[in-house]
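Per my numbering, the sequence shown starts with residue 198, numbered consecutively.
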Amino acid sequence: MSAYFDSEADKTYTKVYKEHTPDILAAFAAFDSAVFAPDESRAIPLKYRELIALAVGITTQCVYCIDAHSQKAVAAGADEAELAEAAWVATAIRAGGGFAHGRLAFKLAEPAHQHQH
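Following this line, the structure appears as structure tokens:
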């Protein structure tokens with residue numbers, strides 16, 4: 198197996214959810230549809246919701262989310278500059294998370310340092 202991502206073929210495995218957990222799949226689909234409804238009366242316009250989703254997908258490194266939401270963001274009016282900025286926002290948050298959580302190493306190592314003295 199040279200690659201695990203096949204946008205079209207992978208969708209066929211939704212049948213497993215349909216067979217075993219159709220109620221949960223339906224609830225998730227309804228929830229997802231509500232979140233990304235093109236209703237422009239929402240506080241955050243669809244284009245920005247899609248850019249947020251793209252940034253989250255990049256941060257979590259979900260190739261399926263990146264695939265879907267980059268296309269949906271463009272369909273909602275985003276341009277390449279906006280995709281680029283969303284990617285940089287995701288990168289900053291991911292790197293910032295490493296920085297911030299890295300400080301925990303110092304805090305959590307304090308007891309070991311105290312045992313050395």
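Each residue gets a CB set at the ideal place from its N, CA and C atoms; glycine is no exception.
| query | What three-state label does DSSP hand G274 in the structure shown? | reply | Coil, per DSSP.
| query | Which residues mark the beginning and the end of the alpha helix (DSSP H) in which T218 is found? | reply | No alpha helix (DSSP H) holds T218; DSSP gives it neither H nor E.
| request: Assign H312 to one of three DSSP states: helix, strand, or coil. | output: Helix at H312.
| By Cβ distance, which residues of its chain are closer than 7 Å to A275, with the 5 residues on each side in sequence left out? | K244, E247 and L248
| Start and end residues, alpha helix (DSSP H) containing Y201 | Unbroken run through Y201: none, as it is neither H nor E.
| message | By alpha-carbon positions, which one of E282, G294, F225 and Y201 ends up nearest to Y214? | response | F225
| request: Inspect the beta-carbon positions of A252 and A287 and report whether they are closer than 7 Å. | output: yes
| query | So, F202 versus V271, is the Cβ gap smaller than 7 Å? | reply | For F202 and V271, no; Cβs fall outside 7 Å.
| L280: which of G254, S238, K212 and A297 sits nearest, CA to CA? | G254
| By a C-beta neighbour count over all protein chains shown, 10 Å radius and 16 as the cutoff for buried, is H266 buried or exposed? | buried
| Span separating the alpha-carbon of K304 from that of E237 | 46 Å
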